[in-house]
Amino acid sequence: MTSPIELQIKKLYHAYRHTSDIDQKGLFFSPTCMQICRPIPSYAATSRAGIVKYLKDVQTGDMPVAQTEQPQEPAAETEPLSRAVYTIRRLHAAEHEFSSNVITAAVGLSPSQLLQQSRDEAWVGMRVDLWDEGAPDVGLLVQVQYWWRKESVNTGEEVEGDVVGEAMGWRQCLHDIISLGPKDGSEGQEGLEVLE
Numbered sequence: 001m002t003s004p005i006e007l008q009i010k011k012l013y014h015a016y017r018h019t020s021d022i023d024q025k026g027l028f029f030s031p032t033c034m035q036i037c038r039p040i041p042s043y044a045a046t047s048r049a050g051i052v053k054y055l056k057d058v059q060t061g062d063m064p065v066a067q068t069e070q071p072q073e074p075a076a077e078t079e080p081l082s083r084a085v086y087t088i089r090r091l092h093a094a095e096h097e098f099s100s101n102v103i104t105a106a107v108g109l110s111p112s113q114l115l116q117q118s119r120d121e122a123w124v125g126m127r128v129d130l131w132d133e134g135a136p137d138v139g140l141l142v143q144v145q146y147w148w149r150k151e152s153v154n155t156g157e158e159v160e161g162d163v164v165g166e167a168m169g170w171r172q173c174l175h176d177i178i179s180l181g182p183k184d185g186s187e188g189q190e191g192l193e194v195l196e
């Protein structure tokens, strides 16, 4: 059964996905939101501003990894357009880990320090897989463990999905990028609802 906190976070994530303005998207992150990246440890960040910069880079085509190994053929006019989709679920207990010192060094914390911080601050972890559906068997698959915590929200930084009248809100506090590369056939295989 899905808890009220999970439902709230799923609602917030959906609103985040449908926010087109990158600076507004950043308001879904804690000002101290961090990012670690297991495939590319240097693709790390220690603040909302750093992650927003990465999102702006991606928007202009500057991605840390190529989408495919081979050049993609232009889609024929008769082929259906692809759509960006995702699945989201609560992390399993075995997924409550933060890789290795090599991966977390860029944010200045060890995996055990991140684990302790997640416990102290009652983080909630959600696994999100993102990919393009309807595209040929090429394209990017991104698998992320998003960690959320409830914290004070500054006036003017409220987002769609916040509970009206509350000074506290759930914000992303860590992006743990598990996989960043070509689709591998695992997308959508957990039987979860595929969302846009």
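The numbering of the sequence shown is the UniProt record's numbering, which starts it at 1 and goes up by one. Where is the CB? At the ideal position from N, CA and C, for every residue including glycine. Keep in mind it's a predicted model, so treat the numbers as computed, not measured.
Original post:
What is the DSSP secondary structure of residue 176, counted as helix, strand or coil?
Top reply: Residue 176 falls in the strand class under three-state DSSP.
Original post:
Sorted by chain position, which residues of the same chain lie with C-beta nearer than 8 Å to residue 194's C-beta, five sequence neighbours on each side aside?
Top reply: So the list reads 85, 86, 87, 133, 188, once near-sequence residues are dropped.
Subject >> Paired residues, beta bridge with residue 126 - DSSP >> reply: Note: residue 126 sits in a beta bridge opposite 90, 146.
Subject >> Limits of the unbroken alpha helix (DSSP H) element including residue 112 >> reply: Start and end: 111-120.
Subject >> Buried versus exposed call for residue 62 [16 or more other C-beta atoms within 10 Å across all chains shown] >> reply: Here residue 62 is exposed. Its C-beta has fewer than 16 other C-beta atoms within 10 Å.
**OP:** Kindly indicate which three-state DSSP category residue 151 falls into: helix, strand or coil?
**Re:** Strand at residue 151.
Original post:
beta strand (DSSP E) containing residue 8: first to last residue?
Top reply: Counting along the chain, residue 8 falls outside any beta strand (DSSP E), though it belongs to the alpha helix (DSSP H) covering 4-17.
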